[in-house]
Structure formats: structure tokens, C-alpha cells
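Just so you know, my numbering puts 461 at position 305 of the sequence shown, and the rest follows in order with no gaps. No residue lacks a Cβ here, since even glycine has one placed at the ideal position from N, Cα and C. Working notes for the structure below.
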Amino acid sequence: MRFLYQQLEQQLTEQIESGQLALGSRLPSVRQLCSEQGLSKSTVLTAYARLEAAGLISARAKSGYFVCYQPQSGIPEVTDVAPMTPAYVSVDSVLLDIMEQSAAFDICPAAGDAPSNENLRRCLARAVRRQRSGQQHYYDEPAGLSGLRQQLVRRCGESGSQLNADQLVVTGGCQHSLMLALMAVTRPGDTVAVESPGFYGVLQLIESLGLKAVEIPASTSTGISPDALEMALQHWQISALVTMPGFATPTGACMPDEHKQRLVALLAERDIAIIEDDIYGDLTFGLQRPRSLHSFAQAQGYDGVLLCSSVSKSLSRDLRIGWIAPGRYLQQIKKLKLVTQLASSQSSQYGLQMFMEEGGYDRHIRQRRQQLAEQCQQLQQLIQSSFDVPVQMSQPRGGMALWLELPDDLNTMELYNRARQEGISITPGSLFTSQQRYQNCMRLSFSQPWNKRRIEALEQLAGLVAERK
Ligand SMILES: Cc1ncc(COP(=O)(O)O)c(C=O)c1O
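Structure (C-alpha cells):
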């Protein structure tokens with residue numbers, strides 16, 4: 157049973173997303189809605205506040221509420237469900253170049269202004285000061301600090317996943333979690349189903365572990381196509397699926413709950429492992445983060461989901477703290493953690509534990525969601541005003557990435573090389589596939605504030621695009 161404000165929120169969201177309530181149009185006044193629908197003032201105000209936090213409407217002083225969201229600007233949805241053939245993978249070495257410039261999520265790494273969290277720094281310093289003398293001579297237990305694991309399972313609860321601290325292992329980041337998950341459920345030569353476009357880090361792991369990938373088409377708004385996945389399952393022997401249901405990179409797609417249920421049913425029926433990458437799940441533009449696919453599997457009694465995440469996107473890339481809730485693969489994962497990392501740093505874990513215990517993470521994430529929603533909107537507006545070629549872009553409702561489709565004859569790998577000479581960084585579309593695809597696409601991030609230098613970098617990029625045409 158949903159609350160009245162949720163029903164109203166849903167009704168207005170559908171009208172905005174379908175274009176029935178167009179960008180710029182005024183919403184009914186609070187009083188009007190109360191009398192028309194027999195609702196209380198606080199119900200309407202709560203629904204409006206949630207729509208505002210989700211970046212769909214904005215309040216203007218003394219004028220009321222207005223729609224500030226434009227529905228999909230026409231990136232074609234998945235219609236072609238023909239399965240692709242499993243193949244070995246080779247990821248372009250340009251990725252190393254991007255990482256060496258620290259530029260995967262910043263169009264202009266030299267622009268500065270990245271917000272820091274003083275509270276977190278204090279907790280980390282306190283953790284080092286409180287360390288027992290001589291503690292640095294001992295490894296932490298392989299699963300990680302139990303106090304931190306307790307905080308992490310509390311966070312997993314927000315996505316509907318019911319876990320206790322013994323069911324979770326701390327890792328060296330989400331990439332490490334994904335590696336452990338793939339190592340636990342595959343053998344060299346196996347085939348793994350991945351989203352397309354999908355995360356290059358997973359393609360790199362597939363390449364390094366001697367696996368094959370079968371790319372399943374994914375929509376820019378709802379993620380992996382269940383029809384295409386079902387067809388691939390009928391054609392090929394697949395050992396695992398890697399998916400990002402909550403604000404995927406590079407598109408920001410968010411999988412509807414019905415698709416999650418269907419995916420779980422499809423894979424549970426065949427007893428195939430699901431590796432869920434939930435690294436962006438906390439970064440919703442709204443107030444409520446999406447439910448994890450893992451929680452739907454729990455509801456269906458399936459324990460073949462390995463839930464992977466980290467604080468790298470939500471809080472700090474530098475802490476190198478991630479986790480994995482590996483279901484029935486717990487013992488293998490603990491062993492693999494021991495083999496690949498021995499243990500995690502105790503002081504960093506303890507610092508993060510205190511930050512979470514003291515409510516620092518909850519406060520931080522509330523602010524970060526709002527910041528990202530604003531920065532996403534700014535980026536979309538900047539693209540509309542500065543690019544003079546037709547650009548189609550995804551419409552994320554969370555995460556930190558925007559997927560752009562440029563005219564067919566524009567090659568974004570060439571654009572990358574040209575932009576790099578000017579200190580501008582983009583992520584070319586071809587990195588998100590192992591096939592010859594997305595060569596006219598790119599990922600731009602709105603992770604950092606749009607200060608003067610970043611705006612100039614974006615305008616310069618638009619100039620380079622215009623030159624290429
Ligand atoms: C979808 C996704 N998963 C995993 C990772 C790796 O995260 P971490 O820094 O925690 O290893 C990234 C980083 O870009 C990512 O985008």
C-alpha cells in the first residue's frame with residue numbers, strides 16, 4: 157500500500173516523463189490540487205518536494221511550481237533483440253591514458269574546485285590516532301572490520317537487501333569486488349553476459365580472466381533488455397550476468413522493478429549467477445534510492461546474486477573501500493580476498509565506520525544527490541547551448557554520467573585525441589563495448605561543479621566537434 161503523496165508523485169512523474177506536462181509548464185497550485193483530488197496540503201507539498209528533489213520540477217518564488225525536465229531527446233530505445241555472439245575481449249589501451257591523467261570523471265582535471273568532506277578527514281585522522289600501538293604489524297581479518305560491516309549492511313538495507321554483517325566482505329573497491337565475483341563464478345573460456353553499452357572495467361576483467369563476453373543491448377533509460385537477455389540465454393551457455401540496475405554507466409539508465417523481477421526469474425530458473433554492480437545506486441536525484449536486484453532475488457529465495465559496491469562514487473575514490481555480499485559464494489569470496497589482497501587497511505575502515513556511525517555519510521549523501529541533480533541539468537543546458545550539431549543525450553535520474561550520441565560520421569576516439577592536446581578529457585564510446593560500436597558516442601561526467609574552466613572546456617569541445625564536421 158503506497159502513501160497518497162507517493163501516488164500523486166507517481167501520477168505527476170508519468171505526466172512529465174510522457175511529455176503531457178511539458179518543459180516550462182506550470183503545475184496546478186497546491187490549493188487547486190487539494191480541492192480537485194481531495195488531498196491535504198501536506199500531501200501535495202510532500203509530493204512536490206520529492207519531485208523537486210528528483211529534478212523534475214522547480215519552485216519559483218511567488219509563481220508556483222514549473223516543470224524543468226525534458227523527456228528523452230530521442231536516443232532510440234532497444235528494439236533489436238538479436239543476440240550477439242560470445243567473443244573474447246580486447247580493451248583499448250587508451251583507458252590507461254585516461255587513468256594516468258586522473259580524467260575518467262572530469263572534463264578538465266586541472267579545473268580544481270572538487271568538494272572535500274572535512275568531517276571524513278577528521279574521522280580518518282581520529283582513526284589513525286586511536287590505533288593501538290603496534291597494530292600496524294597485524295593484518296585485519298579477511299572479511300574486514302566487523303564494525304564497518306555492520307554499517308555497510310545497514311546501508312544495504314536502504315536498497316531492500318536484508319543482510320547481516322557476516323554475509324559481507326570488505327574489498328579494495330568495487331572493481332576488486334567485481335573481480336572476486338567473476339573469479340568465483342567462472343572458469344577461463346566461460347561466457348559472461350554484459351550490458352551494451354557497459355562498463356569498460358568489466359570488459360577489462362573479462363579480458364584478463366580469459367572469459368568471453370556476450371553483449372546484451374541496453375536501453376539508455378531502462379537498462380538491459382530482458383527480451384534480449386532471454387534470447388541470449390536460449391542460444392548460449394552463459395555462466396554469469398554482470399548488470400548495473402541502478403544508474404548504469406555510461407548512460408545513467410535505471411532498471412524498472414518489473415525488469416529486475418523478470419531478470420531474477422530468468423537467471424534463477426537456470427541457476428546462473430548475477431553480479432550486481434550497485435556503485436551508483438545511492439546517487440539518485442530523488443529522495444529514495446532504487447531497490448537492489450539482490451533484494452528481489454532474496455524475495456524469490458534465490459541466493460545466486462553477488463552484490464558489489466563501494467564508496468568510490470558516493471564519497472571518496474581514494475579510500476579504496478568497497479564490499480561484496482556474495483550470497484552462496486561467501487566462502488570462496490573470503491578465500492579469494494585473502495589471495496588477492498590479504499587484508500584491508502584497518503585505520504581507513506575504522507575512519508569510514510566512525511563517519512557512518514556519526515551520521516556523516518547520510519548528511520553527505522543528501523547533499524551530493526542534490527548537487528549531482530543540479531550539475532546534470534547544467535550540463536544538459538550547456539550542451540544544448542554550445543553544440544551546433546545534432547546531439548542526442550540520455551536523461552539520467554541519478555549517477556554521474558551522461559551518454560551523448562553525435563552525428564554518425566563523427567569519431568569520438570579521434571575527438572578524444574584532439575581534445576587531450578587541449579587538456580580536455582572525454583570518454584570515447586568505443587570503450588564501452590568490445591565490438592565495433594558507439595564510435596560516434598561519448599560519456600561526459602557531471603561529477604564535478606561547472607566552474608568557469610570546466611564551462612570553457614565544454615565550449616572548446618563543442619568547437620572541436622564543429623571543426624570535425
Ligand atoms: C560501474 C562501475 N563499477 C565499478 C567501478 C570501480 O569502482 P572502484 O573505484 O570502487 O573500484 C567504477 C569506476 O569507474 C564504475 O563506474
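Mind checking whether residue i and residue j have CB atoms under 7 Å apart?
i    : j    : result
A384 : P373 : yes
M549 : T568 : no
Y572 : P584 : yes
L492 : L336 : yes
P382 : R343 : no
M411 : G437 : no
C330 : I435 : yes
G554 : F403 : yes
S627 : A369 : For residue 627 there is no data in the structure shown, the boundaries of the chain being 157 and 625.
S302 : A321 : yes
L630 : P298 : As displayed, the chain neither begins before 157 nor continues past 625, which places residue 630 out of reach and without an answer.
D296 : A499 : yes
D433 : C464 : yes
What number of angstroms, rounded off, separates the C-alpha of residue i from the C-alpha of residue j?
i    : j    : result
E513 : G507 : 10 Å
A270 : D262 : 10 Å
V420 : I213 : 34 Å
L195 : P605 : 38 Å
G175 : C224 : 11 Å
L183 : L535 : 25 Å
Y458 : L449 : 11 Å
S375 : P552 : 12 Å
R484 : G516 : 32 Å
A267 : Q456 : 48 Å
Hey, could you find the ends of the alpha helix (DSSP H) residue i is sitting in?
i    : result
M598 : From DSSP, M598 is part of no alpha helix (DSSP H) but of the beta strand (DSSP E) over 597-601.
V358 : 356-364
A384 : 382-391
A453 : 449-455
W470 : According to the sequence as given, residue 470 is Ser; it is not Trp. Unbroken run through S470: none, as it is neither H nor E.
C464 : Counting along the chain, C464 falls outside any alpha helix (DSSP H), though it belongs to the beta strand (DSSP E) covering 461-466.
So what's residue i in DSSP terms, helix, strand or just coil?
i    : result
S302 : helix
I430 : strand
V350 : strand
E414 : helix
G313 : helix
K368 : strand
L397 : strand
Y647 : With the chain represented from 157 up to 625, any question about residue 647 goes unanswered, as that position is not in the structure.
E561 : strand
Y221 : strand
Leaving out the 5 sequence neighbours to the left and right, which residues in its chain are closer than 7 Å to residue i when beta-carbon positions are compared?
i    : result
F543 : A618, V621
I521 : D438, S470
K197 : V186, C190
Which residues mark the beginning and the end of the beta strand (DSSP E) in which residue i is found?
i    : result
R278 : First-last for R278: 274-285, but that is the alpha helix (DSSP H), not the beta strand (DSSP E).
Y626 : Outside the shown range of the chain, which is 157 to 625, sits residue 626, and nothing can be said about it.
R216 : 213-216
Less than 6 Å between C-beta atoms, sequence neighbours within five positions excluded: which residues of the same chain meet that for residue i?
i    : result
I430 : L397, L423, V461
Y161 : T199, T202, A203
A557 : T405, P406, G408, R599, S601
L359 : V245, V247, S590
Q306 : A321
Who are the Cβ neighbours of residue i in its own chain at under 8 Å, not counting the five residues just before and after it?
i    : result
G313 : L319
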